[in-house]
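Taken in sequence, the protein lines are chains A and B. Per our numbering, the very first residue in the first sequence carries number 1; after that it's consecutive. Per our numbering, the very first residue in the second sequence carries number 1001; after that it's consecutive.
Number of protein chains: 2
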Amino acid sequence: MRSTVSKAVSAHKGDLVAKLRAAGLRPTRQRIALGKLLFADCDRHVTAECLHQDATRVGASLSLATVYNTLHQFTNAGLLRQVIVDGEKTYFDTNTGDHHHFYFEDQGLLADIPGDDVRIDGLPKPPAGTEIERVEVVVRLKSRD
Amino acid sequence: MRSTVSKAVSAHKGDLVAKLRAAGLRPTRQRIALGKLLFADCDRHVTAECLHQDATRVGASLSLATVYNTLHQFTNAGLLRQVIVDGEKTYFDTNTGDHHHFYFEDQGLLADIPGDDVRIDGLPKPPAGTEIERVEVVVRLKSRD
DNA sequence: GCAACTCTTTAGAATCGTTCTAAAAGATTG
DNA sequence: CAATCTTTTAGAACGATTCTAAAGAGTTGC
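Spelled out as structure tokens, the structure:
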């Protein structure tokens, strides 16, 4: 059992190292720790602050500045995507595919909109000289009393 | 000609005063100056900083703090709407109706998406205990080389 | 394995948009 | 006009993020 777990973990770690190398990033202790937190399980939506807390909680000690650096490097490498729904803080999404979001305003939480069923019709052509980089839909939710 | 213009302006001003009163806001020099800038002509998308510059340019002298206060008061009164497309600054839109936006990333400019033809299909139901406050579509544009 | 080199990390300072504070100025009511 | 309430404002404070430059770690060639 022990060995299975550690095999699984090291396999993950190998993938991660390859991922980092492919992005031209050295596989440092810090980047591996953050990579594990971000890419190990299911999709996540994190802020720098909360990822830093996660890392600390897991015993990885790194500075907040490194978390910011890393999030931007991962974003530039196409491993993450930035989501802007709130003027206060920036969210990073591990799901880089085409999809949209629910935003729970009361709690400041993001969730992917499941399925790829969302269709947007009737969008005008982009103005001359510009092209669409992305169409983002945010469904803002509030708790019902 | 002169009189026509000044009549038009004072008519506008009267509307504005009424608008402010209806919102429970005293018609102060500062609020009237900002109101004129915001509601006189066509729809606008402003940041606090740029509205402050506009005001200064027009000869109205008021502090940046007042611009922030006023923008929020107008927003609470339903006269403006906040639009979040950029982590750096907050935009305020004089068009409070249901509509969506183009965002010119290179220039940090917002534009309404003309017409009410945009339809969004296939949205899942909001999670239990929540309700949709608003669905926002942002079409991010970049200049074509 | 070790030197030489390059890339990373980091603590702390700096930045920037925005909000807060408390005191002065202005609007309103009777 | 006096009394009262609201607004404005300069400047301090704030919080997320970025910058700085010096120390630390990863990499490469030998």
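Note that CB positions come from ideal geometry on N, CA and C, so glycine has one too. Since the model is a prediction, treat every value here as computed from it, not as a measurement.
Cβ of residue i within 8 Å of any chain A Cβ
{"i": "glutamate 1136 of chain B", "result": "yes"}
{"i": "glutamate 1105 of chain B", "result": "yes"}
{"i": "aspartate 1098 of chain B", "result": "no"}
{"i": "aspartate 1043 of chain B", "result": "no"}
{"i": "leucine 1141 of chain B", "result": "yes"}
{"i": "threonine 1047 of chain B", "result": "no"}
{"i": "threonine 1090 of chain B", "result": "yes"}
Cβ-Cβ separation, residue j to residue i (assumed contact under 8 Å), whole Å
{"i": "valine 139 of chain A", "j": "leucine 1123 of chain B", "result": "7 Å"}
{"i": "glutamate 131 of chain A", "j": "arginine 1144 of chain B", "result": "5 Å"}
{"i": "valine 85 of chain A", "j": "leucine 110 of chain A", "result": "7 Å"}
Residue from the options whose Cα sits closest to the Cα of residue i
{"i": "proline 127 of chain A", "options": "B:Asp1112, B:Leu1037 and B:Ala1077", "result": "B:Asp1112"}
{"i": "leucine 80 of chain A", "options": "A:Leu37, A:Glu131, A:Ser143 and A:Pro27", "result": "A:Leu37"}
{"i": "threonine 1066 of chain B", "options": "B:Arg1029, B:Leu1016 and B:Lys1125", "result": "B:Arg1029"}
{"i": "valine 46 of chain A", "options": "A:Pro27, A:Gly59 and A:Val83", "result": "A:Val83"}
{"i": "threonine 1056 of chain B", "options": "B:Thr1075, B:Cys1042 and B:Ala1033", "result": "B:Ala1033"}
{"i": "alanine 40 of chain A", "options": "A:Thr94, A:Thr70, A:Phe102 and A:Ala60", "result": "A:Thr94"}
{"i": "proline 1027 of chain B", "options": "B:Thr1070, B:Gly1059 and B:His1099", "result": "B:Thr1070"}
{"i": "phenylalanine 1074 of chain B", "options": "B:Ala1060, B:Lys1142 and B:Leu1016", "result": "B:Leu1016"}
{"i": "alanine 1018 of chain B", "options": "B:Lys1125, B:Gln1053, B:His1100 and B:Ala1077", "result": "B:Ala1077"}
{"i": "arginine 1119 of chain B", "options": "B:Ala1060, B:Asp1098 and B:Phe1104", "result": "B:Asp1098"}
{"i": "serine 61 of chain A", "options": "A:Arg31, A:Ala22 and A:His100", "result": "A:Arg31"}
{"i": "aspartate 1117 of chain B", "options": "B:Gly1087, B:His1101 and B:Ala1023", "result": "B:His1101"}
{"i": "glycine 1129 of chain B", "options": "A:Val137, A:Gly129, A:Glu133 and A:Lys142", "result": "A:Lys142"}
{"i": "aspartate 1043 of chain B", "options": "B:Gly1108, B:Lys1013 and B:Tyr1091", "result": "B:Tyr1091"}
{"i": "phenylalanine 1104 of chain B", "options": "A:Asp54, A:Gly59 and A:Glu133", "result": "A:Glu133"}
{"i": "leucine 1025 of chain B", "options": "B:His1072, B:Asp1106 and B:Pro1114", "result": "B:His1072"}
{"i": "proline 114 of chain A", "options": "A:Lys89, A:Tyr68, A:Val137 and A:Lys13", "result": "A:Val137"}
Min CB distance residue i to chain B below 8 Å
{"i": "arginine 144 of chain A", "result": "yes"}
Worksheet item: When Cβ atoms are compared, which residues of the stretch 1114-1133 of chain B fall closer than 8 Å to chain A?
Response: Within the stretch 1114-1133 of chain B, the residues whose Cβ lies closer than 8 Å to some Cβ of chain A are Pro1114, Gly1115, Asp1117, Val1118, Arg1119, Ile1120, Asp1121, Gly1122, Leu1123, Pro1124, Pro1126, Pro1127, Gly1129, Thr1130, Glu1131, Ile1132 and Glu1133, listed in chain order.
Discussion item. Restricting to runs no shorter than 3 residues, where is the beta strand (DSSP E) found entirely within the stretch 92-135 of chain A?
Written reply: 101-104, 109-112 and 119-121
Discussion item. At a CB distance below 9 Å, what residues from the stretch 1065-1088 of chain B approach chain A? Give them in sequence order.
Written reply: Cβ contacts with chain A: Gln1082, Ile1084, Val1085, Asp1086, Gly1087 and Glu1088.
Worksheet item: What residues in the stretch 1017-1030 of chain B have a beta carbon less than 9 Å from any beta carbon of chain A?
Response: none
Item to complete: List in chain order: all unbroken alpha helix (DSSP H) runs of 4+ residues lying wholly within the stretch 15-51 of chain A.
Response: 29-39
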